[in-house]
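**Student:**
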Amino acid sequence: MMRTRPLKVALLGCGVVGSEVARIMTTHADDLAARIGAPVELAGVAVRRPSKVRAGIDPALITTDATALVKRGDIDVVVEVIGGIEPARTLITTAFEHGASVVSANKALLAEDGATLYEAAAKHGKDLYFEAAVAGAIPLIRPLRESLAGDTVNRVLGIVNGTTNFILDRMDSAGAGYSEALDEATALGYAEADPTADVEGFDAAAKAAILAGIAFHTRVRLDDVHREGITEVTSADLASAKGMGCTVKLLAICERAADGRSVTARVHPAMIPLSHPLASVRGAYNAVFVEAEAAGELMFYGPGAGGAPTASAVLGDLVAVCRNKLNEATGPGESAYTQLPVSPMGDVVTRYHISLDVADKPGVLAQVATVFAEHGVSIDTVRQKGKDGEASLVVVTHRAPDAALSGTVEALRKLDTVRGVASIMRVEGE
Ligand code: HSE
């Protein structure tokens, strides 16, 4: 039986994503109503610039007073696509206080202060859904929160930033330098005028915090995530990776420790073997590889950004929240019962590819090898190429704690015979 009284939706933000949400709500109104069991009606749209022409949206719905909109009391679902910490946080908590559930795409806020949002939703018996916050259209939050709720996730390894994947892909496939590839990403509209959030790994770190919290049923905040961007990645790194049968990707890696007593979350460029499924993720696409105890290895792949793909995730949440509302139920809330602590980067154990410029004379290799040994880091392979009394030395280690590797590099830098540490890159996914 279809309910005739519509469910009312308030849209906060009408930019690239918000305008697509509004468009699909209008063009697919009948299908959405049939899937939900009641029509959904756009009851208000809060924007910053009311004079902007917005095709397909009744101008009478436009307001600059987002607070008044979420306080109306007759709104069933608030869709927040304005981003940032404030006023988004206050608007979302106010929406819960005034009887609405919330669908949000706000990764920065969820990573910074998800606990406040979850607690406000629970206090008022409302839903908080945020599929669009991580990896655009790719269903990832719901599979982790619901489909895998009976399993134990041990590792999440993902390419969750399309801009940096595009840049690294161009460096790899076209031999472009970092700046050239960034310019191309900007020209194509992938990178923002200020690309810091993407290229320095902040965007991916926020997504890693959200994924780790959900995957391991604990609280992980942005500050808990070790972050390194791609600005230092060079064509030489890509060439070295190729020589090892690898490519370089900016990875978000969330892991449960082997003893199960802690977790780690990190974002950094890493070499991965060409045989790993993530190596074939090209251009601005995203993909997330999940390792779970019973399920084994799962891979989620698709467009991680853009108006329509992100709107797809928002609308999926909107349908779910509206269905819950009609059933007088709520979906899953926060699950942080494990209270697993987040360990520092120094505790992470992985392999390393280190490129050194050294003097090419007797005893240098032995000296370098001794430093590795003194820090408990076992060497897997060494390659050396010499020219005019200098040599470049590439060392690949066995698995070692990050703290031991940092100590090794610090000591190597102090050797007279080491002219410089050209690059250090972790090797993942083997
Ligand atoms: N700027 C992000 C990316 C999309 O390049 O993937 C939004 O999170």
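Using the numbering used here, read the sequence shown as starting at 327 and increasing by one per residue. For every residue, glycine included, the Cβ atom is placed at its ideal position computed from N, Cα and C.
Rounding to the nearest angstrom, what Cα-Cα distance links PRO469 and TYR516 in this structure?
**Tutor:** 27 Å
**Student:** Could you check where the beta strand (DSSP E) with MET671 kicks off and where it finishes?
**Tutor:** Neither: MET671 is in no beta strand (DSSP E) and is coded neither H nor E.
**Student:** Could you pull the start and end residues of the beta strand (DSSP E) that ALA426 belongs to?
**Tutor:** Counting along the chain, ALA426 falls outside any beta strand (DSSP E), and DSSP gives it neither H nor E.
**Student:** Between ALA631 and ligand 1, is there a pair consisting of the residue's CB and a ligand heavy atom that are separated by less than 6 Å?
**Tutor:** yes
**Student:** Counting along the chain, where does the beta strand (DSSP E) carrying CYS580 start and finish?
**Tutor:** Per DSSP, CYS580 belongs to the beta strand (DSSP E) from 572-582.
**Student:** Using a Cβ-Cβ cutoff of less than 8 Å, which residues in the same chain neighbour GLY527 once the five nearest sequence positions on both sides are dropped?
**Tutor:** Annotation for GLY527: ASN487, THR490, ARG553, GLU554, GLY555, ILE556, LEU576, VAL593 and HIS594 place their beta carbon closer than 8 Å to its own, counting only its chain and skipping 5 residues before and after.
**Student:** Looking at the structure shown, is TYR516 part of a helix, part of a strand, or coil, going by DSSP?
**Tutor:** Assigned with DSSP and collapsed to three states, TYR516 falls in coil, not helix or strand.
**Student:** Can you have a look at VAL347 and say buried or exposed, based on whether 16 or more other CB atoms are within 10 angstroms of its CB?
**Tutor:** buried
**Student:** Are ALA538 and ASP529 closer than 7 Å when you measure CB to CB?
**Tutor:** Cβ atoms of ALA538 and ASP529: not closer than 7 Å.
**Student:** Here's the rule: buried if 16 or more other CB atoms are within 10 angstroms of the residue's CB, otherwise exposed. What is SER718?
**Tutor:** buried
**Student:** Going straight from the alpha carbon of GLU406 to that of GLU581, what length do you get?
**Tutor:** 30 Å
**Student:** Assign ALA376 to one of three DSSP states: helix, strand, or coil.
**Tutor:** Checking the sequence, you will find Pro at residue 376 rather than Ala. Residue state, collapsed to three classes: coil.
**Student:** Shortest alpha-carbon distance to ARG481 belongs to which of PRO365, ALA500 and ALA620?
**Tutor:** ALA620
**Student:** May I ask which residues mark the beginning and end of the beta strand (DSSP E) holding ALA336?
**Tutor:** 333-338
**Student:** At the level of alpha carbons, what is the spacing between LEU600 and GLU756?
**Tutor:** 10 Å
**Student:** Pick helix, strand or coil for GLY630, following the three-state DSSP scheme.
**Tutor:** coil
**Student:** What does the alpha-carbon distance come out to for the pair LYS273 and ASP686?
**Tutor:** It is not possible to answer for residue 273, since the shown part of the chain is limited to 327 through 756.
**Student:** State the start and end residues of the unbroken beta strand (DSSP E) segment that holds TYR663.
**Tutor:** That residue, TYR663, is in no beta strand (DSSP E); it is neither H nor E in DSSP.
**Student:** Rounded to whole angstroms, what is the Cα-Cα separation between LEU644 and ALA511?
**Tutor:** 32 Å
**Student:** Below 8 Å on the Cβ atoms is my guess for ARG745 versus GLU716; work out the distance and round it to an integer in Å.
**Tutor:** 7 Å
**Student:** To test your reading of the DSSP string, which unbroken alpha helix (DSSP H) runs of 4 or more residues are found completely within the stretch 464-525?
**Tutor:** Listed in chain order, they are 488-499, 504-513 and 522-525.
**Student:** Would you tell me roughly how many angstroms separate the C-alpha atoms of VAL366 and ASP520, rounded to the nearest one?
**Tutor:** 37 Å
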